[in-house]
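Anchor point for the sequence shown: position 31 equals 429 in the working numbering, and the numbering is continuous, going up by one each time.
Below is one structure, written out as structure tokens; comments come after it.
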Amino acid sequence: MVFEPGRHASVRLEDGVSVARGKLHEVCGNGSLGFVACLVGLVEGPVIWVGYKGQRATLNPDGLAAFFDPSRLIMVRGLNRADVLWAGEQALRHRGAGCVVMELGDGPDLRESRRLQIAAEEGGALGLAILRGRAQTSAAHMRWQCEAQNNRDYPARWDITKSKDGQRGSWRVRYTNRVRGENAPGLVSLASASAA
Numbered sequence: 399m400v401f402e403p404g405r406h407a408s409v410r411l412e413d414g415v416s417v418a419r420g421k422l423h424e425v426c427g428n429g430s431l432g433f434v435a436c437l438v439g440l441v442e443g444p445v446i447w448v449g450y451k452g453q454r455a456t457l458n459p460d461g462l463a464a465f466f467d468p469s470r471l472i473m474v475r476g477l478n479r480a481d482v483l484w485a486g487e488q489a490l491r492h493r494g495a496g497c498v499v500m501e502l503g504d505g506p507d508l509r510e511s512r513r514l515q516i517a518a519e520e521g522g523a524l525g526l527a528i529l530r531g532r533a534q535t536s537a538a539h540m541r542w543q544c545e546a547q548n549n550r551d552y553p554a555r556w557d558i559t560k561s562k563d564g565q566r567g568s569w570r571v572r573y574t575n576r577v578r579g580e581n582a583p584g585l586v587s588l589a590s591a592s593a594a
């Protein structure tokens, strides 16, 4: 993965697949935090992480240090879904944000996701919605299914399940430590675009 600088640049994966900044992307599955941490590590600027009060109490920034500098992290706690969506929208609209992560139960509906998408376009940040429940019909640019695997060499699998620009792919993933330079220069090793 290589970060291409610029307000609306993309985070590029192998085989020409990219995760566009200035867009909302949904991330599902038990491996979603690893996927999000990898992408956050490739984006410059502040990371605004919005979740419910109980969820944020368990997020340990030091646990993310292998992926990005935790001093970049700004954690926001909402009391309910409406608070999380509102705070996420405001953060996406801010031009100073590098990435905005929102932890939700069910995914945003069409109206909610359109508001988030418009805000992401205005601010230029990478918008990531982690879905703990079911995905809904939405205006999100991409949806990723990220699962932990019982495989020592490739402990994760990432699949694109929705893409408005037609991108498709499936990868077996090996994490590396970007901050300490282990296995530099990449943050993750993608085994193949057609891993089955």
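Cβ coordinates follow ideal geometry from the N, Cα and C atoms, glycine included.
If you're wondering where the values come from, they're calculated on a predicted model, not measured in any experiment.
Query                                                                                             : Result
Cβ shell of valine 448 (< 6 Å), same chain only, five flanking positions each side left out       : Val474, Val482, Ala485, Gly486, Met500
At least 3 beta-carbon pairs within less than 8 Å: the region 418 to 429 vs the region 455 to 473 : no
Separation of methionine 540 from aspartate 507, as counted between CA atoms                      : 14 Å
For glycine 476, the residue or residues it bridges with in DSSP                                  : Tyr450
In DSSP terms, what arginine 491 is bridged to                                                    : Paired residues: none, contrary to the question.
Distance between beta carbons of leucine 502 and valine 434, contact taken as under 8 Å           : In fact, because the Cβ distance is near 13 Å, the residues do not count as touching under 8 Å.
Lysine 451 versus leucine 477: straight-line alpha-carbon distance, rounded                       : 6 Å
Residue range of the alpha helix (DSSP H) that includes glutamine 515                             : 508 to 521
Glycine 602 versus leucine 440 - alpha carbon distance                                            : Look at the range of the chain in this structure, 399 to 594, and you will see that residue 602 is not part of it.
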